[in-house]
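Enquirer: In the UniProt record's numbering, the protein residues as written are 1 to 205.
(1) Residue 97 to residue 201, Cα distance in whole Å?
(2) Among 94, 79 and 53, whose alpha-carbon lies nearest the alpha-carbon of residue 136?
(3) Buried or exposed: which applies to residue 149, given that a residue is buried once 16 or more other Cβ atoms fall within 10 Å of its Cβ?
(4) Let me check understanding here. Comparing Cα to Cα, which of 82, 127 and 134 lies closest to residue 175?
(5) Measure how close the beta-carbons of residue 110 and residue 46 come, nearest whole angstrom, since I'm counting them as under 8 Å.
(6) In angstroms with no decimal places, state the Cα-to-Cα distance between residue 207 and residue 101.
(7) Would you say the region 138–148 touches the region 165–174, given that touching needs at least three Cβ pairs under 8 Å?
(8) Counting pairs of beta carbons, one from the region 56–74 and one from the region 104–121, are three or more of them closer than 8 Å?
(9) May I ask you to report which of helix, strand or coil DSSP gives residue 200?
(10) Any contact of the region 142–161 with the region 175–184, i.e. 3+ C-beta pairs under 8 Å?
(11) Measuring straight from C-alpha to C-alpha, what distance separates residue 51 and residue 22?
(12) Quick check on residue 152: does DSSP put it in helix, strand or coil?
(13) Mapping the DSSP letters down to three states, classify residue 105 as helix, strand or coil.
(14) Do you know whose CA, among 64, 25 and 194, lies nearest residue 13's CA?
(15) Measuring straight from C-alpha to C-alpha, what distance separates residue 195 and residue 113?
(16) Return the CA-CA distance between residue 155 and residue 94, expressed in angstroms with no decimal places.
(17) Do the CB positions of residue 115 and residue 76 come within less than 8 Å of each other?
(18) Compare the Cα-Cα distances from residue 199 to each of 177, 123, 131 and 88 and report the closest residue.
(19) Along the alpha helix (DSSP H) that carries residue 70, what are the first and last residues, could you check?
(20) Roughly how many angstroms lie between the CA atoms of residue 142 and residue 81, to the nearest whole one?
(21) Taking all protein chains shown into account, decide if residue 59 is buried (16 or more other Cβ within 10 angstroms of its Cβ) or exposed.
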C-alpha cells in the first residue's frame, strides 16, 4: 500500500486478515501450514499492509492475538445477548438458531480454532470481559431456556444448563469441523430442531 494512504479501521482490518490466515491453515493439506506458524508477518501480508502497522497498535504479537480474542468474544456475547428477551415468541429452535448464526461462521471458526490452539489467551479475555466468548453464549442460552421453561415452552423436567452446554457443543463442533457455508447454517438449525423436538410451540394457556 502506498505511503500516506489512510487505512480505515486498521485494527479490524488486521483482525479480518487474521481470520483469513487461520482459515487458510484449516484448509491447508500438503503445505504443512498450521497455527504454529501463525506470525505477524503472515497477518500483515494477508492484510496488504506493512508489518509495522500491527506493532503501531499492539505492543507485540501476543497482545494482538489477545486483542483479537477480546474483540471477537465481545462480539459473540453481544450476538446472543437479546436471546432471553425472545422467550415466548417464535419457536425455541428458531430463536436458538438465529442467535447462534448472528455471528459469521468465519469469525466463529477462527476464534474457536485460535483459542483451542492458544488457551493461554483466555485469561486475557476474562480479565477484560469477565468470561470467555463461548462461556458467555452458554450462560445466555441457559438463561433463555430457563425463561422458556417458566413459560411452559421447555419441558419442566429439562435441565436448561445441560441443554445450553449441548447447544454450545454443537456450535463448537461445527466451527471446528465444517466449512463456513450454507451447509453449516443448515446443520446448526437442524441440530437445534432435533434438540427441541417435542417442545411446545406455544406456551400452555
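C-beta atoms are modelled at their ideal positions from N, C-alpha and C, and glycine is treated no differently.
It should be emphasised that the depicted structure is a prediction, and the values quoted were computed from it without experimental measurement.
Expert: With the given structure in hand:
(1) If you number the chain shown from 1, residue 97 lands on position 97. If you number the chain shown from 1, residue 201 lands on position 201. Distance between the alpha carbons of residue 97 and residue 201: 15 Å.
(2) Working through the chain shown from its first residue, we reach residue 136 at position 136. Looking at the Cα atoms, 79 is the closest of the given residues.
(3) Position 149 of the chain shown holds residue 149. Buried, because 16 or more other Cβ atoms sit within 10 Å of the Cβ of residue 149.
(4) Along the chain shown, one-based indexing puts residue 175 at 175. By alpha-carbon distance to residue 175, the top candidate from 82, 127 and 134 is 134.
(5) Numbered from its first residue, the chain shown carries residue 110 at position 110. Numbered from its first residue, the chain shown carries residue 46 at position 46. No, residue 110 and residue 46 are not in contact; Cβ-Cβ is about 12 Å, not under 8 Å.
(6) With the chain covering only 1 through 205, there is no way to say anything about residue 207.
(7) The region 138–148 makes contact with the region 165–174; the number of CB pairs closer than 8 Å reaches 3 or more.
(8) Yes, they touch.
(9) For the purposes of this step, residue 200 is taken as the residue at position 200 of the chain shown. Looking at residue 200 - three-state DSSP - the assignment turns out to be coil, as it is neither helix nor strand.
(10) With a cut-off of 8 Å, the region 175–184 and the region 142–161 do not count as touching, because too few Cβ pairs lie within range.
(11) Numbered from its first residue, the chain shown carries residue 51 at position 51. Numbered from its first residue, the chain shown carries residue 22 at position 22. When the Cα atoms are used, residue 51 and residue 22 turn out to be separated by approximately 18 Å.
(12) Numbered from its first residue, the chain shown carries residue 152 at position 152. Under the three-state reduction of DSSP, residue 152 is assigned to coil, being neither helix nor strand.
(13) Indexing the chain shown from 1 puts residue 105 at position 105. Residue 105 carries a helical assignment under DSSP once its states are collapsed to helix, strand and coil.
(14) Counting from one through the chain shown, the residue named residue 13 turns up at place 13. Taking only the C-alpha atoms, the option nearest residue 13 is 64.
(15) The sequence position of residue 195 within the chain shown is 195, counting from 1. The sequence position of residue 113 within the chain shown is 113, counting from 1. It is roughly 25 Å from the alpha-carbon of residue 195 to the alpha-carbon of residue 113.
(16) Locating residue 155 in the chain shown gives position 155, where the first residue counts as 1. Locating residue 94 in the chain shown gives position 94, where the first residue counts as 1. One C-alpha to the other measures close to 17 Å.
(17) For the purposes of this step, residue 115 is taken as the residue at position 115 of the chain shown. For the purposes of this step, residue 76 is taken as the residue at position 76 of the chain shown. Not in contact: residue 115 and residue 76 (Cβ atoms no closer than 8 Å).
(18) Taking the chain shown and counting its residues from 1, the one referred to as residue 199 is at position 199. The candidate whose alpha carbon is nearest that of residue 199 is 88.
(19) Indexing the chain shown from 1 puts residue 70 at position 70. Start and end: 61–80.
(20) On the chain shown, residue 142 is found 142 positions in, with the first residue counted as 1. On the chain shown, residue 81 is found 81 positions in, with the first residue counted as 1. When rounded, the distance between both Cα atoms is 12 Å.
(21) In the chain shown, residue 59 corresponds to position 59, counting from 1. Exposed.
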